[in-house]
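Residue numbers (our numbering): 276 to 524.
Everything on this sheet refers to the single structure shown next.
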Ligand SMILES: Cc1cc2nc3c(=O)[nH]c(=O)nc-3n(C[C@H](O)[C@H](O)[C@H](O)COP(=O)(O)O)c2cc1C
């Protein structure tokens, strides 16, 4: 198995999978890695629903159907763009051997901490998957239908944080187009090539140089995140609960 740093740098978002099952012991290690991620809330209320076979097909059929119903009702705008992107990603979710649904309950500390904690678990999951020869992608395109998905999966007390298709990657190019800005301060000397994965920039200059004075531009990232478009407001869901399986100590 590759080491942690190699796994972190080697992981890429993969959107095409081979038709090959994942051995149970490999899948269990990946889910266990997710369960060991740090959490910032008092109680760890993250939950994972691991879907394969007919159970996965039930969710993907539902998503296909709902996207086909909702898309024609939306006018041009970010919501429509996000859902069109989500539709184009359906084959990725359908072809993956397994689909992990990452959920959390929003704790009293607030959504930021609950969702950040779930995102840490998703990152653990993707790194472990890569270390074990699997490919994955963090998919948020379906968040528009989050409450309906939780209802379908009988997890109405939970909030959907992301879907993570898992499988063996089809061959293909795996490039990374963008990196975060890193600004070293208080160090005697730093050369740009000290940290090959990052852009060495003056962060305040970078903000000023943005088009639209501070408005976010997403560059090459596919639309998939939450949107401020009012059409993206999610319908309120019924609340219930599911049991959460815990990692062994
Ligand atoms: C919070 C989050 C949401 C994302 N949503 C989507 C998505 O809905 N669809 C998708 O194809 N990729 C999605 N991605 C994957 C990013 O596009 C990808 O991580 C980014 O382009 C960098 O590429 P890399 O993961 O291969 O390094 C998401 C990633 C994160 C962290």
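Every residue, glycine too, gets a C-beta built ideally from N, C-alpha and C.
This one's a predicted model, so the numbers in the text were calculated from it and none came from an experiment.
Between residue 395 and ligand 1, is the CB less than 7 Å from at least one heavy atom?
-> Not so, every heavy atom of ligand 1 lies at least 7 Å from the Cβ.
First and last residue of the uninterrupted beta strand (DSSP E) at residue 449 = Residue 449 -> no beta strand (DSSP E), and no H or E assigned at all.
Along the chain, where does the beta strand (DSSP E) that runs through residue 323 open and close?
-> Where residue 323 is concerned, the enclosing beta strand (DSSP E) stretches over 321–326.
Quick one, which of 338, 375, 424 has its alpha-carbon nearest residue 360's?
-> Of the listed residues, the one whose Cα sits closest to residue 360 is 338.
Compute every distance between the C-beta of residue 412 and the non-hydrogen atoms of ligand 1, then say whether any falls below 7 Å.
-> Yes, the Cβ of residue 412 comes within 7 Å of a heavy atom of ligand 1.
Cβ separation of residue 290 and residue 401, assumed to be a contact under 8 Å, to the nearest whole Å = 13 Å between Cβ atoms; not a contact.
In whole angstroms, what separates the C-alpha of residue 336 from that of residue 427?
-> Going from the Cα of residue 336 to the Cα of residue 427 covers about 12 Å.
Based on Cα-Cα distance, which residue from 318, 414, 419, 448 lies nearest to residue 385?
-> Nearest option by C-alpha distance: 318.
Could you pull out every residue in the same chain whose Cβ sits closer than 7 Å to the Cβ of residue 316, ignoring the five residues on either side in sequence?
-> For residue 316, the CB contacts under 7 Å within the same chain, skipping 5 residues up- and downstream, are 382, 384, 388, 389, 392 in chain order.
C-beta contact flag for residue 305 and residue 403 at 8 Å = Taking 8 Å as the Cβ cut-off, residue 305 and residue 403 qualify as a contacting pair.
Quick one: Cα of residue 433 to Cα of residue 352, how far?
-> Those two C-alpha atoms are separated by around 28 Å.
Residues of its chain near residue 365, where Cβ-Cβ distance is below 8 Å and the 5 sequence neighbours each way are ignored = Excluding sequence positions up to five before and after residue 365, its CB lies within less than 8 Å of the CB of 335, 338, 339, 342, all in the same chain and listed in chain order.
Tell me which same chain residues have a C-beta within less than 8 Å of the C-beta of residue 407, skipping the five on either side of it?
-> Within the same chain, 276, 301, 304, 305 come within 8 Å of residue 407 by CB-CB distance, once the 5 residues on both sides are set aside.
Using the DSSP secondary-structure output, state which residues sit across from residue 420 in a beta bridge.
-> Beta-bridge partners assigned by DSSP to residue 420: none are found.
Given a threshold of 16 other Cβ atoms within 10 Å of its Cβ, counted over all protein chains shown, does residue 416 qualify as buried or as exposed?
-> Result: buried.
Residue 282 beta carbon less than 8 Å from that of residue 399 | No. Outside cutoff.
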